[in-house]
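Chemist: What follows is a single structure, and I will ask about it in a moment.
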C-alpha cells in the first residue's frame, strides 16, 4: 500500500463517518460540526484527485461560508443544550431501509457497468485553462451560464433581504 | 483491487448521497434537513469531478458543472436560512410539524 492509497482511505473514512454522525446525532450543534468535517473530507478528496482549484472553492464556499451560516442560524433559533426529540422507530427503520435498498440498487448497477473513457491528451485543470474556458464565448465556452448564475445570485441576494425584512408599522400579520 | 480508482470514488459519493437521503427522511428540524441537502449536493459534485478526472481528462466540463452547482447551492442555502429565520420569528419553532399554515 502506498501513501496515496492510505490517505485516500483516511479521507473516505472521515467523509463517511462524519456524514453518518451529521445525520444521526440528536444535538443540532454537533450535527453542524460533523457536517463541517464531512465537507472538509470532500475537499480533501478533491485535493487527492489534484483538482486544487475546486478544492479551494469547496473550502471557501462550503466550509467557510455555508457552515458558518448554518451555525449562526442555529444560534438564532435553538435553545442551547437541549436535544431534538426522538423520532418514531418505525419512521427510522423505514428511512434506513429505503436508503439501504437505494444504495444496493445503485451499487449493483455500478459494478455491472464498465466505463470507457477517452484516450486523448489530458488537459491541465489549472486556473489559466479554467478562466479561459469559463469566460470564453467561442465553441465550448461557458460565458452564458456564468452570466445566468450571476443574475441568480443577485436575485437570491434581493430575495433574502425581502424575506428577512421586518414589516414596520402598517399591517401587522400575527403578533 | 485496493488501489483507489473511479469505482471507489463512486462508492463514496453514492454512500454520501444515501446518508443525505436518510437524514432528509428522518429529520424534523428544518436546519438539519438543509444540512442533509448539502450532503446530497456534495456527493453530486464528487461524482462530476471523478468522471471528469478518470473518463474525460481532456475536457473541463465536469469541473464547470461543479462550480455552478456550488454557486447555486450557496444561493439556495442563503434563501432557505432567511425563510427559516422568518418562520422562527412568526411561529417560535422551526419543526416542519408546526408550520402547517401554508399547506392549504
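Protein chains in written order, with my numbering: chain A, 1016 to 1190; chain B, 3 to 106.
Every residue gets a Cβ at the ideal spot worked out from N, C-alpha and C, and that includes glycine.
For the 8 Å Cβ check, are there 3 or more pairs between the segment 71–89 of chain B and the segment 1163–1172 of chain A?
Modeler: Contact holds: three or more Cβ-Cβ distances are below 8 Å.
Chemist: Mapping DSSP to helix, strand and coil, what is residue 1097 (chain A)?
Modeler: Taking the first chain and counting its residues from 1, one reaches residue 1097 (chain A) at position 82. Looking at residue 1097 (chain A) - three-state DSSP - the assignment turns out to be coil, as it is neither helix nor strand.
Chemist: When the Cα of residue 1156 (chain A) is compared with those of A:1163, A:1147 and A:1164, which residue comes out closest?
Modeler: Working through the first chain from its first residue, we reach residue 1156 (chain A) at position 141. When only C-alpha atoms are compared, the closest one is A:1147.
Chemist: Within a Cβ cutoff of 7 Å, which residues of the same chain sit near residue 1138 (chain A), ignoring the five residues on either side of it in sequence?
Modeler: Taking the first chain and counting its residues from 1, the one referred to as residue 1138 (chain A) is at position 123. For residue 1138 (chain A), where only same-chain residues beyond five positions count, the Cβ hits under 7 Å are 1144.
Chemist: By the 10 Å Cβ neighbour count, where 16 or more other Cβ atoms means buried, how is residue 1127 (chain A) classified, buried or exposed?
Modeler: Numbered from 1 along the first chain, position 112 holds the residue referred to as residue 1127 (chain A). The residue is exposed, with fewer than 16 neighbouring Cβ atoms inside 10 Å.
Chemist: For a cutoff of 8 Å on Cβ pairs, would you count residue 1143 (chain A) as touching chain B?
Modeler: Indexing the first chain from 1 puts residue 1143 (chain A) at position 128. By this cut-off, residue 1143 (chain A) is not an interface position.
Chemist: Bridge partners for residue 97 (chain B) per DSSP, in chain order?
Modeler: As a working note, residue 97 (chain B) is residue 95 in the second chain. DSSP lists B:31 as partners of residue 97 (chain B).
Chemist: Excluding the 5 residues preceding and the 5 following residue 56 (chain B) in the sequence, name in chain order all residues of the same chain whose CB lies nearer than 6 Å to its CB.
Modeler: Locating residue 56 (chain B) in the second chain gives position 54, where the first residue counts as 1. Closer than 6 Å at Cβ, skipping near neighbours: 8.
Chemist: Less than 8 Å between CB atoms is the rule here; does residue 1104 (chain A) satisfy it with respect to chain B?
Modeler: Counting from 1 along the first chain, the entry for residue 1104 (chain A) is found at position 89. Judged by the 8 Å Cβ criterion, residue 1104 (chain A) is not in contact with chain B.
Chemist: Counting only beta-carbon separations shorter than 8 Å, does residue 1032 (chain A) have a partner in chain B?
Modeler: For the purposes of this step, residue 1032 (chain A) is taken as the residue at position 17 of the first chain. With 8 Å as the cut-off, residue 1032 (chain A) does not count as an interface residue toward chain B.
Chemist: Mind listing the chain B neighbours of residue 1038 (chain A)? Cutoff is C-beta to C-beta under 8 Å, in chain order.
Modeler: Along the first chain, one-based indexing puts residue 1038 (chain A) at 23. Those are 21, 22, 24, 25, 28, 29, 34, 37, 38 and 41, listed as they occur along chain B.
Chemist: Run down chain A in chain order and give the residues with a C-beta less than 7 Å from the C-beta of residue 44 (chain B).
Modeler: Position 42 of the second chain, counting from 1, holds the residue named residue 44 (chain B). Near residue 44 (chain B) (Cβ distances below 7 Å), the residues of chain A are 1054 and 1057.
Chemist: Does the structure place the segment 1059–1066 of chain A close enough to the segment 1078–1095 of chain A that three or more beta carbon pairs sit under 8 Å?
Modeler: Touching, no.
Chemist: Determine whether the Cβ of residue 1178 (chain A) lies closer than 8 Å to any Cβ atom of chain B.
Modeler: Taking the first chain and counting its residues from 1, one reaches residue 1178 (chain A) at position 163. Chain B, which has a Cβ nearer than 8 Å to the Cβ of residue 1178 (chain A), makes this yes.
Chemist: With distance defined between alpha-carbon atoms, name the residue in B:41, B:40 and B:69 nearest to residue 54 (chain B).
Modeler: Reading the second chain from its first residue, position 52 is the one you call residue 54 (chain B). Selected option, being the one with the closest Cα: B:69.
Chemist: Using a Cβ cut-off of 7 Å, which residues of the segment 57–72 of chain B contact any Cβ in chain A, in chain order?
Modeler: The residues in question are 57, 58, 59, 60, 61, 62, 65, 66, 68, 69, 70 and 72.
Chemist: Chain A partners of residue 81 (chain B), CB-CB under 8 Å?
Modeler: For the purposes of this step, residue 81 (chain B) is taken as the residue at position 79 of the second chain. Those are 1171, 1174, 1175 and 1178, listed as they occur along chain A.
Chemist: Which residues in the same chain as residue 50 (chain B) place their Cβ atom closer than 8 Å to its Cβ, once the five residues preceding and following it in sequence are excluded?
Modeler: On the second chain, position 48 is the one that residue 50 (chain B) refers to. Excluding sequence neighbours, residue 50 (chain B) sits near 64, 65, 67, 68 and 71.
Chemist: Mapping the DSSP letters down to three states, classify residue 1174 (chain A) as helix, strand or coil.
Modeler: Within the first chain, the letter at position 159 stands for residue 1174 (chain A). In this structure, residue 1174 (chain A) counts as helix in the three-state DSSP scheme.
Chemist: Which first and last residues belong to the alpha helix (DSSP H) in which residue 1065 (chain A) is found?
Modeler: The residue given as residue 1065 (chain A) occupies position 50 in the first chain. Note, residue 1065 (chain A): premise wrong, no alpha helix (DSSP H); not H, not E.
Chemist: At least one CB of chain A closer than 8 Å to the CB of residue 88 (chain B): is that the case?
Modeler: Locating residue 88 (chain B) in the second chain gives position 86, where the first residue counts as 1. At least one chain A Cβ lies under 8 Å of residue 88 (chain B).
Chemist: Look up residue 1045 (chain A) in the DSSP assignment and say whether it is helix, strand or coil.
Modeler: Here the question's residue 1045 (chain A) lines up with position 30 in the first chain. If DSSP states are grouped into helix, strand and coil, residue 1045 (chain A) belongs with the helices.
Chemist: Is the segment 13–23 of chain B close to the segment 85–103 of chain B, with three or more CB pairs under 8 Å?
Modeler: Touching, no, given that fewer than three Cβ pairs across the two stretches are closer than 8 Å.
Chemist: For the candidate residues B:59, B:14, B:46 and B:73, whose alpha-carbon lies nearest to that of residue 1132 (chain A)?
Modeler: In the first chain, the residue the question calls residue 1132 (chain A) occupies position 117. Among B:59, B:14, B:46 and B:73, the Cα nearest to that of residue 1132 (chain A) belongs to B:59.
Chemist: Taking 8 Å as the CB-CB cut-off, is residue 1021 (chain A) touching chain B?
Modeler: Position 6 of the first chain holds residue 1021 (chain A). With 8 Å as the cut-off, residue 1021 (chain A) does not count as an interface residue toward chain B.
Chemist: How big is the Cα-Cα spacing for residue 1190 (chain A) and residue 1181 (chain A)?
Modeler: Reading the first chain from its first residue, position 175 is the one you call residue 1190 (chain A). Reading the first chain from its first residue, position 166 is the one you call residue 1181 (chain A). Residue confidence for residue 1190 (chain A) is low, a pLDDT of 42 falling below 50, so the modelled location carries little weight; the figure read from the coordinates is stated next. If you take the alpha carbons of residue 1190 (chain A) and residue 1181 (chain A), they lie about 12 Å apart.
Chemist: Compare the beta carbon distance of residue 35 (chain B) and residue 26 (chain B) with 8 Å and say whether it is the shorter of the two.
Modeler: Here residue 35 (chain B) corresponds to residue number 33 of the second chain, with the count starting at 1. Here residue 26 (chain B) corresponds to residue number 24 of the second chain, with the count starting at 1. Contact flag set, yes.
Chemist: Between A:1037, A:1080, A:1070 and A:1109, which has its C-alpha nearest residue 42 (chain B)'s C-alpha?
Modeler: The sequence position of residue 42 (chain B) within the second chain is 40, counting from 1. The shortest C-alpha separation from residue 42 (chain B) is found at A:1037.
Chemist: Ignore the nearest five residues each way along the sequence and tell me which others in residue 1024 (chain A)'s own chain have a CB closer than 6 Å to its CB.
Modeler: Mapped onto the first chain, residue 1024 (chain A) falls at position 9. No residues qualify anywhere along the chain.
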